[in-house]
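**Q** The structure under discussion is supplied below as structure tokens; questions concerning it will follow.
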Amino acid sequence: MDQHLYVFVTVAEKQNFSRAAEELHMTQPAVSQYIRTLEQTMGTRLLERSNKYVRLNKAGEIVYHHAKEILGLHTKMQGLIDDLTMKAKGPLAIGSSYTFGEYILPHIIARLKKQYPLIQPAITIHNTSEIAELVENHQLDIGIIEGQFKHSRVDTRKIAEDSMVLVAPPGHPLSEKSEIDIHEVKGETWILREKGSGTREAAENLFYQYGIEPEQVMEFGSTQLIKESVEAGLGISLLSSWTIQKEMKNGYISMLPVRGLPFKRHFSILTNSPFQTKALKTFLELMEDYLEENKKEKNGNP
Numbered sequence: 001m002d003q004h005l006y007v008f009v010t011v012a013e014k015q016n017f018s019r020a021a022e023e024l025h026m027t028q029p030a031v032s033q034y035i036r037t038l039e040q041t042m043g044t045r046l047l048e049r050s051n052k053y054v055r056l057n058k059a060g061e062i063v064y065h066h067a068k069e070i071l072g073l074h075t076k077m078q079g080l081i082d083d084l085t086m087k088a089k090g091p092l093a094i095g096s097s098y099t100f101g102e103y104i105l106p107h108i109i110a111r112l113k114k115q116y117p118l119i120q121p122a123i124t125i126h127n128t129s130e131i132a133e134l135v136e137n138h139q140l141d142i143g144i145i146e147g148q149f150k151h152s153r154v155d156t157r158k159i160a161e162d163s164m165v166l167v168a169p170p171g172h173p174l175s176e177k178s179e180i181d182i183h184e185v186k187g188e189t190w191i192l193r194e195k196g197s198g199t200r201e202a203a204e205n206l207f208y209q210y211g212i213e214p215e216q217v218m219e220f221g222s223t224q225l226i227k228e229s230v231e232a233g234l235g236i237s238l239l240s241s242w243t244i245q246k247e248m249k250n251g252y253i254s255m256l257p258v259r260g261l262p263f264k265r266h267f268s269i270l271t272n273s274p275f276q277t278k279a280l281k282t283f284l285e286l287m288e289d290y291l292e293e294n295k296k297e298k299n300g301n302p
């Protein structure tokens, strides 16, 4: 049944029998037979077919959702069995929200591939709420997010502290002062991430803490786009210090010396199983080592 579900998921995602057959290294008639068998087992059609497309119907959407979870659990189970060989190897599904995923995770993955080439990481980058949902549904072995997340089925553990700073275009008048009050920037245009992201949550927490209601807000779905917009003079933003290291070094943006900042938040990991594969344990150890090394560098310790 696992193979039938795998074929079905591939067809649903490719929306085409020929492309699915190519992906699976199978013939198109073989793929069609797998789908027919699965539909007979389910007792209903799962796909709407035409000469131009293949789409999920209502029943197909239900099967697809649960098939993804079943296949995720199967992969996790196989990994735990493989761990009996005591080798760190096999697939590892890692999800991360944007700040960690785009600015920190690549360095950790580089170390992982160099030291443990048999581990096969697959990376998913999305906002915090989406990553949490994928972990909950067993489609990710681990999620790394910014901010807070509480759910009865998902275990959460803080792994590092993150400093959020207020950034402005280079040469902004307030950046020349030794210290400013947060309310001095109330009238600025604030450039924020979309709702559901950890960076947006941090900004809203800052507004709540200081009783601020921004007069003008622009919303973008990318930290890189926000940085480019700040550099271009469109407004100011609250960003993780991890994300602005190159821009600060090159003078592309400036940091506003706001009293009470940096605003602190945490990076956390999400898991949804009492068991950990050796690949996951190895990744966690490398990640914690990297974060600790970086923390010492920022604090000026050898």
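Once you know that position 41 of the sequence shown is 41 in the UniProt record's numbering, the rest is easy, because the numbers rise by one and skip nothing. Glycine included, C-beta positions come from ideal geometry on N, C-alpha and C.
Buried or exposed for Phe267, please, with buried defined as at least 16 other CB atoms from any protein chain shown within 10 angstroms of its CB.
**A** buried
**Q** Would you identify the three-state DSSP class for Gly143, choosing helix, strand or coil?
**A** strand
**Q** Just the Cα atoms here: how many angstroms apart are Glu5 and Ile70?
**A** Note on identity: in this sequence residue 5 is Leu, with Glu being the wrong assignment. Whole-angstrom Cα-Cα distance: 9 Å.
**Q** Take the Cβ of Thr41 as the centre, count every other Cβ of all protein chains shown within 10 Å, and call the residue buried at 16 or more, exposed below.
**A** It counts as exposed.
**Q** Pick helix, strand or coil for Thr271, following the three-state DSSP scheme.
**A** strand
**Q** In the DSSP output, what is Ala122 paired with across the bridge?
**A** Ala93
**Q** Determine the extent of the beta strand (DSSP E) in which Ile156 is found, giving its start and end residues.
**A** Residue 156 is actually Thr in this sequence, not Ile. First-last of the beta strand (DSSP E) with Thr156: Asp155 to Ala168.
**Q** Just mark Thr27 as buried or exposed, buried being the case when its beta carbon has 16 or more other beta carbons within 10 Å.
**A** Answer is exposed; the Cβ neighbour count stays below 16.
**Q** Can you have a look at Val217 and say buried or exposed, based on whether 16 or more other CB atoms are within 10 angstroms of its CB?
**A** exposed
**Q** If I follow the unbroken alpha helix (DSSP H) through Met42, where does it start and stop?
**A** That run of the alpha helix (DSSP H) goes Gln28 to Met42.
**Q** Could you tell me if Thr44 is buried or exposed, where buried requires 16 or more neighbouring beta carbons within 10 angstroms of its beta carbon?
**A** It is exposed - the Cβ of Thr44 has fewer than 16 other Cβ atoms within 10 Å.
**Q** Between which two residues does the alpha helix (DSSP H) carrying Ile226 extend?
**A** Thr223 to Glu231
**Q** For Val54, which beta-bridge partners are listed by DSSP?
**A** Arg49
**Q** Looking at the secondary structure, which residues open and close the alpha helix (DSSP H) in which Gln115 lies?
**A** Leu105 to Gln115
**Q** Hey, could you find the ends of the alpha helix (DSSP H) Glu22 is sitting in?
**A** For Glu22, the enclosing alpha helix (DSSP H) covers residues Phe17 to Leu24.
**Q** Identify whether Ser254 lies in helix, strand or coil by the three-state DSSP scheme.
**A** strand
**Q** My guess is that Leu286 and Arg111 are in contact by the Cβ rule of under 8 Å, so how many angstroms apart are they, rounded?
**A** 5 Å
**Q** For Val63, collect the residues of the same chain with a Cβ closer than 6 Å to its Cβ; drop the 5 residues on either side in sequence, then sort them by chain order.
**A** Leu46
**Q** For Gly251, which option in Leu73, His172 and Gln3 has the closest C-alpha, if you only look at C-alpha atoms?
**A** His172
**Q** Quick one, are the C-beta atoms of Ile244 and Val167 less than 8 Å apart?
**A** It is a contact, given that the beta carbons lie within the stated cut-off.
**Q** Output needed for Glu13: all residues of its chain with C-beta closer than 7 Å, excluding positions within five of it in sequence on either side, in chain order.
**A** none
**Q** Let me check one thing: in DSSP terms, what residues is Met218 bridge-paired to?
**A** Ile191
**Q** Tell me, please, which residues DSSP counts as bridged to Arg265.
**A** Asp162
**Q** Closer than 6 Å by C-beta to Gly221: which residues in its own chain qualify, once you throw out the five before and the five after it? Chain order, please.
**A** Leaving aside the five residues that flank Gly221 on each side, the residues in its chain whose CB is nearer than 6 Å to its CB run, in chain order, Glu194.
**Q** Compare the C-alpha of Arg153 against each of Pro257, Lys227 and Ala132 and name the closest.
**A** Ala132
**Q** Please classify Ser237: is it buried, with 16 or more other beta-carbons within 10 angstroms of its beta-carbon, or exposed?
**A** buried
**Q** Do Ser254 and Pro170 come within 8 Å of each other at the CB atom, strictly closer than that value?
**A** yes
**Q** If you draw a straight line from the C-alpha of Gln33 to the C-alpha of Gly90, how long is it?
**A** In this structure, the CA atom of Gln33 is about 29 Å from the CA atom of Gly90.
**Q** To the nearest angstrom, how far is the alpha carbon of Gln78 from that of Gln3?
**A** 14 Å
**Q** Does DSSP put Ile131 in a helix, a strand or coil?
**A** helix
**Q** Counting beta carbon pairs with one atom in the region 265–281 and one in the region 133–148, are three or more of them shorter than 8 Å?
**A** yes
**Q** Return the residue from the list Glu39, Glu215 and Ser50 that minimises the CA-CA distance to Lys186.
**A** Glu215
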